[in-house]
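The opening residue of the sequence shown carries number 8 in this note's numbering; numbering runs sequentially from there.
Virtual Cβ for every residue (Gly too), placed ideally from N, Cα, C.
Scroll down for the structure; my scribbles are underneath it.
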Amino acid sequence: MKRALITSATASQHSESPVWEGVIARYARYLPVSGATPIVTLKEGNTPLIRVPNFVHACGGKFELWLKYEALNPTCSFKDRGMTMAVSKALERGTKVVICASTGNTSASAAAYAARARIRCVVLLPHGKIALGKLAQALMYGATTIAIDGNFDEALRIVRELGETGKVEVVNSVNPARIEGQKTAAFEICDHLGRAPDFHFLPVGNAGNITAYWKGYTEYFSDGRIAALPRMFGFQAAGAAPIVEGRPIEKPETIASAIRIGNPASWHGATNAIEESKGLIDKVTDEEILNAYQLLARTEGLFVEPASAAALAGVIRCAKNHLIPENSVVAATMTGHGLKDPDSALKTSGTEPLIVAPKKEAVMKVMGIY
Ligand code: AN7
Numbered sequence: 008m009k010r011a012l013i014t015s016a017t018a019s020q021h022s023e024s025p026v027w028e029g030v031i032a033r034y035a036r037y038l039p040v041s042g043a044t045p046i047v048t049l050k051e052g053n054t055p056l057i058r059v060p061n062f063v064h065a066c067g068g069k070f071e072l073w074l075k076y077e078a079l080n081p082t083c084s085f086k087d088r089g090m091t092m093a094v095s096k097a098l099e100r101g102t103k104v105v106i107c108a109s110t111g112n113t114s115a116s117a118a119a120y121a122a123r124a125r126i127r128c129v130v131l132l133p134h135g136k137i138a139l140g141k142l143a144q145a146l147m148y149g150a151t152t153i154a155i156d157g158n159f160d161e162a163l164r165i166v167r168e169l170g171e172t173g174k175v176e177v178v179n180s181v182n183p184a185r186i187e188g189q190k191t192a193a194f195e196i197c198d199h200l201g202r203a204p205d206f207h208f209l210p211v212g213n214a215g216n217i218t219a220y221w222k223g224y225t226e227y228f229s230d231g232r233i234a235a236l237p238r239m240f241g242f243q244a245a246g247a248a249p250i251v252e253g254r255p256i257e258k259p260e261t262i263a264s265a266i267r268i269g270n271p272a273s274w275h276g277a278t279n280a281i282e283e284s285k286g287l288i289d290k291v292t293d294e295e296i297l298n299a300y301q302l303l304a305r306t307e308g309l310f311v312e313p314a315s316a317a318a319l320a321g322v323i324r325c326a327k328n329h330l331i332p333e334n335s336v337v338a339a340t341m342t343g344h345g346l347k348d349p350d351s352a353l354k355t356s357g358t359e360p361l362i363v364a365p366k367k368e369a370v371m372k373v374m375g376i377y
């Protein structure tokens with residue numbers, strides 16, 4: 008296989024390299040890769056961990072809040088960490104076609120990494136329920152894009168059945184390589200802070216990410232790299248909260264289309280993380296999500312998608328209920344970029360551009376200066 012863009016795991020195993028070569032190169036010793044693994048990377052990972060004091064002040068908290076800004080991955084969501092692993096392992100096995108069901112971000116990421124690996128990608132999406140930017144990504148990267156007249160859970164069922172034929176490789180988080188890649192975000196947070204946070208907040212949809220973070224933290228703990236583990240706090244949207252309700256939701260609904268999921272594949276992984284870490288799983292309303300979404304943008308200049316804001320709505324709720332002790336170190340994952348969903352942003356901002364004549368005086372007038 009002669010592809011200049013694809014290196015092997017050992018060739019780039021210099022994890023202390025000053026040049027960022029992606030999460031597999033950096034964390035190879037914690038990942039199921041070998042010299043025989045052709046690494047498909049778009050240099051994902053190494054995302055900023057940004058402290059947000061203005062936001063904390065606005066929600067009346069007295070703790071340190073750090074946001075892992077996963078929007079700055081190559082396809083603008085956290086999915087790229089898992090996808091570099093899933094597509095690399097698929098290529099190692101000689102897979103010709105990868106397939107996934109998606110609420111949008113997994114399909115964008117799978118399509119990009121498959122393009123890079125020069126293999127075929129097929130994505131199944133719930134028709135009419137995908138944020139505009141994510142749909143544009145799948146189409147641009149050249150995935151065979153199929154909209155089913157049903158929701159994500161139905162699409163995933165079909166994908167799993169197709170996986171059983173052995174003709175395609177499923178790259179949803181039911182593929183263990185995905186979880187392996189995604190756990191690297193927990194490593195990066197610990198490497199940055201020099202410790203684990205006291206609490207880790209994240210949105211929960213199919214529950215792969217909370218499972219992956221907990222795996223990452225526990226592996227770093229076993230390796231002696233951190234002295235304590237965080238408590239994992241997961242948040243579902245109120246209309247799509249199967250884990251909170253303790254039963255699958257047949258018709259999940261939420262403005263946060265990324266987490267519009269009624270029967271999460273990693274259900275057990277989530278409940279395990281919450282139990283073992285003495286954490287919490289709760290739900291937040293669409294109103295709370297949109298409030299947190301706008302508050303973050305306006306107080307910190309950080310634009311995330313509504314699903315990410317579910318974690319922030321959780322922070323606000325916990326701050327109000329005094330669940331976060333003073334001086335705690337809190338991390339929250341901002342899973343996807345705000346630009347992915349321009350429709351939600353335009354609706355939520357509640358404002359429109361001020362249209363004026365092309366004259367200095369007209370601009371001054373609407374600015375209120377004379
Ligand atoms: C922005 O793309 O499930 O709990 O098909 O896109 O690991 O599923 C997306 C999930 C949170 C939830 N935030 O993560 C998909 C998909 C954003 C997301 C989640 C998703 P998981």
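Excluding sequence positions up to five away, which residues of its chain have a Cβ less than 8 angstroms from the Cβ of residue i?
i, result
"N334", "K69, F70, E71"
"I233", "C197, R202, A203, Y224, Y227"
"K103", "I126, R127"
"A119", "L49, P81, T82, D87, M90, Q144, Y148"
From the options, pick the residue whose C-alpha is nearest to that of residue i; which is it?
i, options, result
"T91", "P39, V129, A108, N61", "P39"
"I362", "L303, M371, S356", "M371"
"P313", "L74, K75, A138", "A138"
"A272", "A108, I155, A121", "A108"
"T261", "T225, A317, D198, R254", "A317"
"V211", "I250, P255, I126, A203", "I250"
"A326", "S24, V175, F62", "F62"
"R324", "T225, L346, N298", "N298"
"E161", "I31, Y34, T102, H134", "H134"
"R238", "V30, G345, F206", "F206"
"T48", "T113, L56, V30", "V30"
"S95", "W27, P45, V322", "P45"
"V59", "P349, L303, P332, E368", "L303"
"A193", "T113, T54, I376", "T54"
"A43", "L346, A97, E171, A235", "A97"
"T292", "A277, H275, G321, N279", "G321"
"L209", "K141, I296, A235", "I296"
For residue i, I'd like the list of residues in its chain whose CB is within less than 7 angstroms of its CB, leaving aside the five on either flank, ordered along the chain.
i, result
"L287", "F240, I281"
"S264", "T110, G111, K136, I137, A138"
"D230", "none"
"F189", "According to the sequence as given, residue 189 is Gln; it is not Phe. Excluding positions up to five away in sequence, the list reads F85, R88, G89, G215, N216, A219."
"T306", "N61, F62, A65"
"I331", "G68, F70, F206, C325, V337"
"N270", "D160, P249, P255"
Can you tell me where the beta strand (DSSP E) holding residue i begins and where it ends?
i, result
"H207", "206–210"
"K290", "287–291"
"L56", "56–58"
"L131", "127–133"
"K222", "Not the beta strand (DSSP E): K222 falls in the alpha helix (DSSP H), residues 215–229."
"C107", "104–108"
"Y76", "71–76"
"T151", "151–155"
"T340", "336–341"
The alpha helix (DSSP H) spanning residue i covers which residue range?
i, result
"G241", "No alpha helix (DSSP H) contains G241, which is instead part of the beta strand (DSSP E) from 238–244."
"Y398", "Since the first and last residues shown for the chain are 8 and 377, residue 398 lies out of range."
"E171", "159–171"
"V175", "Where V175 is concerned, there is no enclosing alpha helix (DSSP H), given that its DSSP letter is neither H nor E."
"T261", "Per DSSP, T261 belongs to no alpha helix (DSSP H) and is neither H nor E."
"T191", "191–200"
"V373", "367–374"
"A115", "112–124"
Is residue i near ligand 1, going by C-beta to nearest heavy atom under 8 angstroms?
i, result
"S109", "yes"
"S284", "no"
"F159", "yes"
"G140", "no"
"P183", "no"
"E260", "no"
"V211", "yes"
"K75", "no"
"A314", "yes"
"S273", "yes"
"T342", "yes"
"K190", "no"
Within a Cβ cutoff of 6 angstroms, which residues of the same chain sit near residue i, ignoring the five residues on either side of it in sequence?
i, result
"M8", "Low confidence applies to M8: its pLDDT is 39, below 50, so where it sits in the model is not reliable, and the reading given next is rough at best. Contacts found: none."
"K290", "Q243, A245, A248, V251"
"A93", "V178, N182, A184, R185"
"S407", "Here the chain comprises residues numbered 8 to 377, so residue 407 is not present and cannot be evaluated."
"A18", "Bear in mind that the predicted position of A18 carries a pLDDT of just 42, short of 50, making it too unreliable to give a figure here."
Margin query: For the pair the segment 309–325 and the segment 174–182, tell me if three or more CB-CB distances fall below 8 angstroms.
Written below: The segment 309–325, when compared against the segment 174–182, does not touch it at the 8 angstroms Cβ threshold.
Check: Using 8 angstroms as the threshold, is the segment 78–91 in touch with the segment 150–166, meaning 3 or more CB pairs across them?
Finding: The count of Cβ pairs closer than 8 angstroms, one atom from the segment 78–91 and one from the segment 150–166, stays below three, leaving the stretches out of contact.
Check: Looking at C-beta atoms only, is the number of pairs between the segment 320–338 and the segment 351–361 that lie closer than 8 angstroms three or more?
Finding: Short answer: they don't touch.
Check: With contact counted as at least three CB pairs below 8 angstroms, one residue from each stretch, are the segment 198–207 and the segment 161–170 in contact?
Finding: A contact between stretches requires three or more CB pairs, one per stretch, nearer than 8 angstroms, and the segment 198–207 fails this requirement with the segment 161–170.
Check: Three or more C-beta pairs closer than 8 angstroms, one from the segment 216–226 and one from the segment 117–127: is that the case here?
Finding: With the cut-off at 8 angstroms, the segment 216–226 and the segment 117–127 do not touch.
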